[in-house]
Amino acid sequence: MSEQRICTICDTAVEGRQPCPYCSDETNWRDVSAMSGEEKIQELERWMTLQVEMHLLYKRLHQIFGRYVATHELTSTNKIHLHAELVTGIQPTFDDVVNLIPENKRVGPFNIKGSDSEQE
Ligand SMILES: [Zn+2]
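Note that our numbering has the sequence shown beginning at -10, numbered continuously upward.
Here is the structure:
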């Protein structure tokens, strides 16, 4: 007997650990242009329990935000910035997104200098 779960996005029963077939079908996704900021926040929260394959999650996040959303922006600490963005419509700069990563955890070629350090 296979177990079922309830999809947090569409509230339908889904078999075991399979992606939700309804939510995996992009034609079932709401038109974000008709959604308020509050509705987008509610949708974001429903998608935070993984119900679809990762590429579809990021595709939906791209639709909701109108930009690529980095994984580190999705932490519970950083999500407050995402909520604010959905209400205000003001998108963060690249520096804003990088600066959400604790300085001692940044790796790679992101030698981001804030306005304070550009006076060298
Ligand atoms: Zn679903």
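A virtual CB, placed ideally from N, CA and C, is assigned to each residue, including glycine.
Kindly indicate which residue of the options has the alpha-carbon position closest to the one of residue i.
{"i": "D84", "options": "I(-2), A59, L50", "result": "A59"}
{"i": "T38", "options": "L89, N88, T64", "result": "T64"}
{"i": "M24", "options": "G55, E42, H44, C12", "result": "G55"}
{"i": "L89", "options": "T77, V76, I69", "result": "I69"}
Is residue i near ligand 1, in the sense that its beta carbon is under 8 Å from a heavy atom of that ligand?
{"i": "Y57", "result": "no"}
{"i": "F53", "result": "One point to set straight first is that residue 53 is Ile, not Phe, in the sequence displayed. Not under cutoff, so the answer is no."}
{"i": "T1", "result": "yes"}
{"i": "Q40", "result": "yes"}
What are the start and end residues of the beta strand (DSSP E) that includes residue i?
{"i": "Q52", "result": "Run containing Q52: none in the beta strand (DSSP E); it sits in the alpha helix (DSSP H), 43 to 54."}
Secondary structure at residue i, three-state DSSP: helix, strand or coil?
{"i": "E15", "result": "helix"}
{"i": "V118", "result": "Any question about residue 118 goes unanswered here, given that the chain covers just -10 to 109."}
{"i": "A2", "result": "strand"}
{"i": "Q(-7)", "result": "strand"}
{"i": "G78", "result": "coil"}
{"i": "A59", "result": "coil"}
{"i": "D85", "result": "helix"}
{"i": "L39", "result": "coil"}
For a quick check, are the C-beta atoms of residue i and residue j less than 9 Å apart?
{"i": "Y57", "j": "L46", "result": "no"}
{"i": "C(-4)", "j": "Q40", "result": "yes"}
Would you verify that the beta carbon of residue i is, or is not, closer than 9 Å to some beta carbon of chain B?
{"i": "L45", "result": "Here chain B cannot be found, since the structure has a single protein chain."}
Could you please give the first and the last residue of the uninterrupted alpha helix (DSSP H) stretch that includes residue i?
{"i": "E32", "result": "26 to 36"}
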